[in-house]
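Here the sequence shown is numbered in my numbering, starting from 79 and rising by one per residue. We put the beta carbon where it would ideally sit given N, CA and C, even for glycine. Data first, discussion second: the structure below is written as structure tokens.
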Amino acid sequence: MSAVSSYPELAAARSRIVQLDIEVDNLQRSLEAHLVERNGCHQVLARYKYPILTLPAEITSEIFIHFLPSDCDLTPLVTVGPHSPSFLLQICRQWRDIALGTPALWSSFRL
Numbered sequence: 079m080s081a082v083s084s085y086p087e088l089a090a091a092r093s094r095i096v097q098l099d100i101e102v103d104n105l106q107r108s109l110e111a112h113l114v115e116r117n118g119c120h121q122v123l124a125r126y127k128y129p130i131l132t133l134p135a136e137i138t139s140e141i142f143i144h145f146l147p148s149d150c151d152l153t154p155l156v157t158v159g160p161h162s163p164s165f166l167l168q169i170c171r172q173w174r175d176i177a178l179g180t181p182a183l184w185s186s187f188r189l
């Protein structure tokens, strides 16, 4: 728009602002509803107790040892990747604590 705008341009700009304000209000209400729904989903997940997390640490530790490649006695462990003990550290805090407390997982590494 030029510095000296015509009346129709100004009226169109005002009208567009009103339309945009209505759209913004609708989007804000929609966002609020989505945030409430998401919060409800988080609450459902927070109440769920995963069966694997109810196992005693000793059993989980044994499972972790069996998680290692079967040839780990012959080959030093890889320090990264899906078959390394460090992968177990990334799942959750409980698994991290158990894995760090299982010396057999950390007996040898290939660098």
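State buried or exposed for residue i, treating a residue as buried only when at least 16 other CB atoms are found within 10 Å of its CB.
i	result
LEU166	buried
Within its chain, find whatever has a CB closer than 7 Å to the CB of residue i; leave out the 5 residues flanking it on each side and keep chain order.
i	result
ALA177	PHE142, PRO163, LEU166, LEU167 and LEU183
Beta-carbon separation of residue i and residue j under 8 Å?
i	j	result
HIS161	PRO147	yes
VAL131	GLN172	As written in the sequence, residue 131 is Leu, which differs from the Val given in the question. Yes, the pair counts as a contact, with Cβ atoms nearer than the cut-off.
Suppose the cutoff is 6 Å on Cβ atoms and the five residues either side in sequence are ignored; what does the same chain contact list for residue i look like?
i	result
THR32	Nothing about residue 32 can be read from this structure; the chain reaches only from 79 to 189.
### Task
Return the chain-ordered ranges of every beta strand (DSSP E) run that is complete within the stretch 112-144 and spans a minimum of 3 residues.
none
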